[in-house]
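A.B. asks: Going by this note's numbering, the first sequence opens with residue 303, and the numbers climb by one from there. C-beta: ideal position from N, C-alpha, C; glycine also.
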Amino acid sequence: MVKTVWIGDVQKGMHDGTSVELKGWVKRTRGSNKIRFVVLRDSTGTIQCVGKRETLGDSMFDLLKSMIIETSVVLHGSIRVDERADGGHELDITQVELVGPVNSERPFPITEADMLVEDEDGELTYGGTEHTLNHRHLYLRTTRATTMLKLRSSAFGAIHGYFRGQDFLEYQAPNFVAGAVEGGSTLFEVPYFGKQAYLTQSWQLYAEAAMPALERLYTIAPSFRAEKSRTRRHLTEFWHAEMEMAWATNDDIMAHGEGVVRHVAKTLLEEREEELTYLERDLELIARYADTPYPRIRYDEAVETLQNKGVQIEWGQDLDYSKEKILTQDFDVPHFLTHYPKVAKPFYHRVDPDDENYVLCHDLLAPEGYGEIIGGGERTWSEEEILQRIDEEGTPREPYQFYIDVRSYGGVPHGGFGLGVDRVVSWLAGATHIREVIPFPRTSRRVTP
RNA sequence: GCCGAUUUAGCUUAGCUGGUGGAGCGUGGGACUGUUAAUCCCAAGGUCGUGGGUUCGAGCCCCACAAUCGGCGCCA
303 MVKTVWIGDV QKGMHDGTSV ELKGWVKRTR GSNKIRFVVL RDSTGTIQCV
353 GKRETLGDSM FDLLKSMIIE TSVVLHGSIR VDERADGGHE LDITQVELVG
403 PVNSERPFPI TEADMLVEDE DGELTYGGTE HTLNHRHLYL RTTRATTMLK
453 LRSSAFGAIH GYFRGQDFLE YQAPNFVAGA VEGGSTLFEV PYFGKQAYLT
503 QSWQLYAEAA MPALERLYTI APSFRAEKSR TRRHLTEFWH AEMEMAWATN
553 DDIMAHGEGV VRHVAKTLLE EREEELTYLE RDLELIARYA DTPYPRIRYD
603 EAVETLQNKG VQIEWGQDLD YSKEKILTQD FDVPHFLTHY PKVAKPFYHR
653 VDPDDENYVL CHDLLAPEGY GEIIGGGERT WSEEEILQRI DEEGTPREPY
703 QFYIDVRSYG GVPHGGFGLG VDRVVSWLAG ATHIREVIPF PRTSRRVTP
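Structure, rendered in structure tokens:
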């Protein structure tokens, strides 16, 4: 039963002239009553398989003819180099085994036409129709979806590789929580044995609790935010790569943020050149994201730049997406925005000791209009300061008692960041929408399938 | 929460000033071919999102509702 021959390897020339059995799914068929071409697909690629009536015999040839799109099959035969076949290799079929049939009255509902839908501006959109979203479980088999999932896998691997290579420990926090990290309005409420619980928005508060124990820690875990955002960069459930580090400054943390993003870009180039090429990504561009240092500018400079460009903005205002987009136009690699005004950020950000109007924080903005991919900074670490900041904001102390306690027993300077993994993949893949890079996207209007 | 748009066959769509709907893909049948999203012929498949209104007559005009999509705010 174990599969030993992979189509990707066949197309690399690893089985030329040998007899093999190929297991996979029918992607497409064409042919006549005498010769039949079956394009077979597996997770590693596609290959054209040829069957002739005169060699297969009538019953097996008719069986081959009955295999419609997405039928699962085992095809036996020999591999031959053939320029006429896409990919350069071909299987001469000698035996046909039907594994899982497809009922022709209910054929595979995703067709080529679904892949090539133009919006009003003539731009192609992918998998964004109601039909493809309703059939997401089947849409995943399409080349584009599979390609995205491969990039995603490599990105996850790269993040783990980066942090483990830097001696960070992987650490898990609960997903049921009692308090908010961000604003309370974006919490998903969950009934919890007669009490009110929420789905976590971030691993951070629990990571800070473990910071004095582990000192360098990270995770990749889902976070949940009940934002009714309707944009191409928002999900209600997204995968959050977060790190927390003791004895670290804002600059130290940014260095890791830059390090991990560049490492993801580098890994995709190494592991997924074929997929990036399929997506028509400019490999030199990705190489630049991997090799070039990311500039750091302060909030004040950003505001000044925007004002010089004639954008209406006042000091103290948060930088929304439209303004981020104008800023990113000046950069061809991601760049950091640092030192936001205290009034624009929540209590856990540490106030800059050099100027109490600012906090020691940073956002990393991706180019090409993809926007914020990292938010992080130094944490308010002394007990007095955290109590003062919580009270200032009018946030109740009670749900955060454990968070305050951490500071009562040997608090130290520390910080960390959260990275939107889906956003990073979306950006590096050049996706038209973030839902392209996650198998079952959760948005404000969809939880199914 | 705000703004805009869409809804016609399983899917993608065309539809003229209002006069009972065309195509491509897919599916079935046939022809033909070392085919490349094959090609050619034929067939099945539509209460035009739902409800109401205007009209002699509504896919098309008006109202309501629903679903979906796109953008903004907010964020990763």
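To the nearest whole angstrom, what separates the beta carbons of Leu519 and Leu471, a pair I think is in contact under 8 Å?
C.D. replies: 5 Å
A.B. asks: Helix, strand or coil for Met303 per DSSP?
C.D. replies: coil
A.B. asks: Taking the alpha helix (DSSP H) that His462 belongs to, which residues open and close that run?
C.D. replies: 445 to 467
A.B. asks: Cα separation between Ile309 and Glu392?
C.D. replies: The C-alpha of Ile309 lies about 10 Å from the C-alpha of Glu392.
A.B. asks: Which of the three DSSP states is assigned to Val404 in this structure?
C.D. replies: coil
A.B. asks: Give the C-beta separation of Glu685 and Arg652 to the nearest angstrom, bearing in mind that I take them to be a contact with Cβ-Cβ under 8 Å.
C.D. replies: Rounded, the Cβ-Cβ distance is 13 Å, inconsistent with contact.
A.B. asks: Closer than 6 Å by C-beta to Leu440: which residues in its own chain qualify, once you throw out the five before and the five after it? Chain order, please.
C.D. replies: Ile412
A.B. asks: Which residue spans inside the segment 471 to 544 form an unbroken beta strand (DSSP E) run of at least 3?
C.D. replies: Runs found: 491 to 494, 497 to 501, 518 to 526.
A.B. asks: Does the beta-carbon distance from Lys452 to Glu575 come in below 8 Å?
C.D. replies: no
A.B. asks: Tell me where the beta strand (DSSP E) around Glu582 begins and ends.
C.D. replies: Neither: Glu582 is in no beta strand (DSSP E) and is coded neither H nor E.
A.B. asks: Since Asp344 sits in a beta bridge, which residues does DSSP pair it with?
C.D. replies: Looking at the DSSP output, Asp344 sits in a beta bridge with Gly347.
A.B. asks: In chain order, what residues of the same chain have a beta carbon less than 8 Å from the beta carbon of Leu442, not counting five sequence neighbours either side?
C.D. replies: Excluding positions up to five away in sequence, the list reads Thr448, Leu451, Pro741.
A.B. asks: Would you kindly report the start and end of the unbroken alpha helix (DSSP H) that includes Trp683?
C.D. replies: Element bounds for Trp683: n/a, residue is neither H nor E.
A.B. asks: Over what stretch of residues does the beta strand (DSSP E) that includes Gly720 continue unbroken?
C.D. replies: 716 to 722
A.B. asks: Whole angstroms is fine: what's the gap from Gly389's alpha carbon to Gln313's?
C.D. replies: 6 Å
A.B. asks: Less than 8 Å between the CB atoms is what I'm expecting for Arg438 and Pro751, so what's the real figure, rounded?
C.D. replies: 5 Å
A.B. asks: Please state the DSSP three-state secondary structure of Ile370.
C.D. replies: coil
A.B. asks: Report back the beta-carbon spacing between Tyr705 and Glu510 to the nearest angstrom; my notes put them in contact at under 8 Å.
C.D. replies: Going by Cβ atoms, the distance from Tyr705 to Glu510 rounds to 7 Å, so yes, they are a contact pair.
A.B. asks: Count the other CB atoms, across all protein chains shown, that sit within 10 Å of the CB of Arg466; report buried if there are 16 or more and exposed otherwise.
C.D. replies: Here Arg466 is exposed: its Cβ has fewer than 16 other Cβ atoms, across all protein chains shown, within 10 Å.
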